[in-house]
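Below you'll find the structure, written out as structure tokens, and then a few comments.
Residue numbers (our numbering), protein chains in the order written: chain A, 1372 to 1454; chain B, 209 to 361.
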């Protein structure tokens, strides 16, 4: 991927502002840092963009998912990818 | 004492996804416990008002199912003696709570990574080898030298 993309994702309670430079981006962090909420918002938006009550501003379409990597098995890892 | 099994836990009593398991099995009295309230305050910066209500400074009034995976795992480890939980569902900010819980009772958890227990002396048993370690540095050394987290081929 060349360049970078800004993602703004928000509802009435939380707002995420991300600048992504890779086709696949991994998020890690402590408990309660907002990782699962990010997944929830993005998944809800993608399942029903018009009626989710969630706003996504990005020049490309975005998906995300949780993955285990190797033996780590931490459901703390989020992967964001563009398509 | 805290015992940690590193790698793939072989028992039938293992819970790989404590976040999901909690949502479908938690008991109300676990959430009336004073320790649960302290952990939710510390980890999620939220007030556990009752088994049906959490007040978050960010999300507002939320159900307990929206607590973080880490604090759900800690609550289960503190209350459920029948299962071995995947503590890799917890961030490093849960490490000191694992140590506190294990001061009151013997606890066995599974880890797929080396959690950071900080710089203070610790007393942890590595279940794979029966070694007892007294510092984070010693824990890291023993786990790596024994290859406990190496990928099985």
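A virtual CB, placed ideally from N, CA and C, is assigned to each residue, including glycine.
- Of the candidates A/1428, A/1430 and A/1385, A/1385 places its Cα closest to the Cα of residue 267 of chain B.
- The three-state reading of DSSP puts residue 278 of chain B in helix, counting H, G and I together.
- The three-state reading of DSSP puts residue 1385 of chain A in coil, since its state is none of H, G, I, E or B.
- For the pair of segments examined, the stretch 249–268 of chain B was found not to touch the stretch 1392–1400 of chain A: the number of CB pairs separated by less than 8 Å stays below three.
- In the three-state reduction of the DSSP assignment, residue 1376 of chain A falls in the strand class, which pools E and B.
- Scanning the stretch 278–340 of chain B from its first residue to its last, the whole alpha helix (DSSP H) runs of 4-plus residues come out as 303–312.
- At a cut-off of 8 Å between beta carbons, residue 1407 of chain A contacts chain B.
- At least one CB of chain A lies nearer than 8 Å to the CB of residue 301 of chain B.
- Listed along chain A are 1401, 1402 and 1403, each with a C-beta nearer than 9 Å to that of residue 251 of chain B.
- Between the alpha carbons of residue 272 of chain B and residue 321 of chain B lies a gap of roughly 27 Å.
- According to DSSP, residue 256 of chain B shares a beta bridge with B/262.
- In this structure, the beta-carbon distance from residue 292 of chain B to residue 252 of chain B does not fall below 8 Å.
- Within the same chain, and ignoring the five residues on either side of residue 326 of chain B in sequence, the residues whose Cβ sits closer than 8 Å to its Cβ are 303, 304 and 344.
- A direct Cα-Cα distance of roughly 23 Å separates residue 338 of chain B from residue 297 of chain B.
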